[in-house]
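This report concerns only the one structure given below.
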Amino acid sequence: MQHIVSGILGALVLILPLTVSAQDTPTRPLDPVAKSLQPDRMETYREVAGSTLKLHIFEPAEHQSSDQRSAFVIIHGGGWTGGYPWRCYPFADYFRRQGMVTISVEDRLLDKPPGTTVFDCVQDGQAAVRYVRQNAARLGINPDRIVVSGCSAGGHVAAETALYPDQRMSEHPAKLQHSAISCRPNAMVLYYPVIDTSAEGYGQKKIGENWQQLSPVHHVRANLPPTIVFHGTGDTVTPWKGAESFQKKMKAAGNDCELVSHADGVHGYLIFDVELFNQAMEKTRQFLVTHKFITDSEGPRALRGIGQNSERFRIAD
325 MQHIVSGILG ALVLILPLTV SAQDTPTRPL DPVAKSLQPD RMETYREVAG
375 STLKLHIFEP AEHQSSDQRS AFVIIHGGGW TGGYPWRCYP FADYFRRQGM
425 VTISVEDRLL DKPPGTTVFD CVQDGQAAVR YVRQNAARLG INPDRIVVSG
475 CSAGGHVAAE TALYPDQRMS EHPAKLQHSA ISCRPNAMVL YYPVIDTSAE
525 GYGQKKIGEN WQQLSPVHHV RANLPPTIVF HGTGDTVTPW KGAESFQKKM
575 KAAGNDCELV SHADGVHGYL IFDVELFNQA MEKTRQFLVT HKFITDSEGP
625 RALRGIGQNS ERFRIAD
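Quick note: the sequence shown, position 298, residue 622 per this note's numbering, numbers continuous.
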């Protein structure tokens, strides 16, 4: 299956050399790839408010519970109101092939069931990380090498696993089940995330009057995990200036934060262009190698033949 998917991705790179701009009508060339993939298994990590929430788990070839591999946990986008875990399968498959145990998270959606809030979505993300860490030995994962990632609203939930402390969550009416197990990731990979929930960003109306409690850019502090953020400068949904501000605040606080921008890239730009997706995966792989979550020798590259210094991305200083 891995060889088949690699071939599909390679073919898509050849036949779909799309250039995404603010004027383009986006298509989703990754969806056929996502639908061709299946997780190795699914596990229930939480039952809450009538919802049974599952982790979609992908394992490297010949994986064993004794392997103690790094984990890549990814949360889908959809504005907290939609989206599906299967849309993150191409990400999961790529990092599975780099030797990681990869997990696509199912969480509750806004008002599904009725009354579900963005605070609840964040609560689910935190619960997913706790479950992975608590069950790390059985899953063949090193509990100190958990990377949390997400796209758009999923990037927001991913960021909040580190930025939104349990004590603040417990003050919300939908109280968190307390646990001694940390939900803090060891690194974050954020793809075009909701990073500013103010009126200048995205999400204020959906979150409500307490929007600032769930605004990552407003809660940057020292000693946060190393982070890489991918964002398009043409994003009008989650504006690029929020990502830029987040990186500046992270670095000012002494944190390791890299911002990879794509000129004129619209919201979700890398899922509308397979070449850009492959480039983003390679830059993410380099980040994970630098921070010792994987070795440089692990896994086939989806980016063969594309130069390391492509002008389509710019890395902020």
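All C-beta atoms in this analysis are idealised placements derived from N, C-alpha and C, irrespective of residue type, glycine included.
Practice item. With Cys475 as the anchor, note down where its beta strand (DSSP E) starts and where it stops. Key: 465 to 475 is the extent of the beta strand (DSSP E) around Cys475.
Query raised in the report: Based on Cα-Cα distance, which residue from Gly449, His543, Lys607, His480 lies nearest to Cys507?
Result: Measuring from the Cα of Cys507, the nearest candidate turns out to be Gly449.
Handout entry: Three or more C-beta pairs below 8 Å linking the stretch 394 to 410 and the stretch 420 to 436
Key = Cβ pair count under 8 Å is three or more, so yes.
**Prompt:** Do the CB positions of Glu580 and Pro540 come within less than 7 Å of each other?
**Reply:** Here residue 580 turns out to be Asp, not Glu, going by the sequence shown. Asp580 places its beta carbon 7 Å or farther from that of Pro540.
- Message: Taking 7 Å as the threshold (C-beta atoms), are His480 and Val518 in contact?
- Response: At the C-beta level, Val518 and His480 come within 7 Å of one another.
* Can you tell me whether Asp520 is buried or exposed, with buried defined as 16 or more other CB within 10 angstroms of its CB? -> That one is buried.
According to the Cβ coordinates, are Thr562 and Tyr526 closer than 7 Å?
-> Yes, the Cβ-Cβ distance between Thr562 and Tyr526 is below 7 Å.
- Query: For the putative contact between Tyr369 and Ala452, defined by C-beta atoms under 8 Å, what is the C-beta separation to the nearest angstrom?
  - Reply: Contact flag correct, Cβ pair sits at about 5 Å.
With the cut-off set at 7 Å, would you say Ser585 and His555 are in Cβ contact? Yes, Cβ-Cβ distance for Ser585 and His555 is below 7 Å.
Run through the DSSP bridge pairs and tell me what Met512 is partnered with.
Answer is Val472, Thr551.
- Item | Where Met366 sits in the DSSP three-state scheme | Judged by DSSP in its simplified three-state form, Met366 adopts strand.
Practice item. Check whether the Cβ atoms of Ala385 and Val456 sit closer than 7 Å, and answer yes or no. Key: At the C-beta level, Ala385 and Val456 stay beyond 7 Å of one another.
(Q) Taking 7 Å as the threshold (beta carbon to beta carbon), is Glu582 in contact with chain D? (A) The structure shown contains no chain D; it holds only a single protein chain.
Only counting the same chain, and skipping five residues up and downstream in sequence, which positions put a Cβ closer than 6 Å to that of Leu594?
Once the five neighbours on either side are set aside, the close Cβ partners of Leu594 are Leu600, Phe601, Ala604.
When you compare the stretch 436 to 448 with the stretch 348 to 367, are there three or more beta-carbon pairs, one atom per stretch, that lie closer than 8 Å?
No contact exists between the stretch 436 to 448 and the stretch 348 to 367.
- 7 Å CB neighbourhood of Pro467 in its chain, flanking five on each side removed: Taking Pro467 as the centre and dropping the five residues before and after it, the same chain places the C-beta of Arg457, Ala460 closer than 7 Å to its C-beta, in chain order.
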